[in-house]
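Enquirer: Numbering (our numbering), first residue to last: 7 to 155.
Don't be surprised by glycine CBs; every beta carbon is placed ideally from N, CA and C.
Okay, handing you the structure first.
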Amino acid sequence: MLKITKNELKYILGATILSFIWFQYVIPNFVSTNPFTNFLIFNIGIFLIFQVLLKGFITNKFMPFIEAIGLTLLFFAIDIIAPPYAVARTGELLSGLTLTNSGGDYIMALLGQGLGIHGAFLYWFVYIVTPALSLVLATILLKDLLRRI
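Have a look at this one:
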């Protein structure tokens, strides 16, 4: 039988309360027309709040900064390669879903366009190069994490 520890129960309760606050107050009031702001608040911010701060306060064990960056890169790579996709094979940015423009692939496409990458090269930059580099960096930054878990 699966047992839930007191700290796990506290985390579940805290995450539930934060999720309510997040969906009831943060999303309706802080969605911006700036995709970079949305990305920082809704992708990076939510990870830092739930995984780094909330877990740290509940367990009194704070994740080292390098590992937090490594896990952020890991989730960033997974976000890019998991649907919904925000970049067409032609390099056109797609939109329509709520907060689509805050996704990692959308942000990397905007960055790529800013660097002068367009068309199919933008598609490859977003969905091949970025996840590969993010996964390599996450692996380097998280090399000791599995040994400690």
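State the start and end residues of the unbroken alpha helix (DSSP H) segment that holds residue 150.
Expert: It is not in any alpha helix (DSSP H) - residue 150 carries neither H nor E in the DSSP assignment.
Enquirer: Going by C-alpha to C-alpha distance, which of 115, 150 and 147 sits closest to residue 134?
Expert: Residue 134 has its Cα closest to that of 115, out of 115, 150 and 147.
Enquirer: CA-CA distance, residue 73 and residue 122?
Expert: Going by the C-alpha atoms only, they are around 32 Å apart.
Enquirer: Please name the residue in 130, 59 and 71 whose C-alpha comes closest to that of residue 92.
Expert: Nearest C-alpha to residue 92: 130.
Enquirer: Quickly, what does DSSP pair residue 99 with across the bridge? List them, please.
Expert: Paired residues: 93.
Enquirer: Can you give the Cα-Cα distance for residue 32 and residue 24, rounded to whole angstroms?
Expert: C-alpha separation (whole angstroms): 10 Å.
Enquirer: Return the residue from the list 39, 53 and 100 that minimises the CA-CA distance to residue 90.
Expert: Per the Cα distances, 100.
Enquirer: Taking all protein chains shown into account, decide if residue 85 is buried (16 or more other Cβ within 10 angstroms of its Cβ) or exposed.
Expert: By the 10 Å Cβ count, residue 85 comes out buried.
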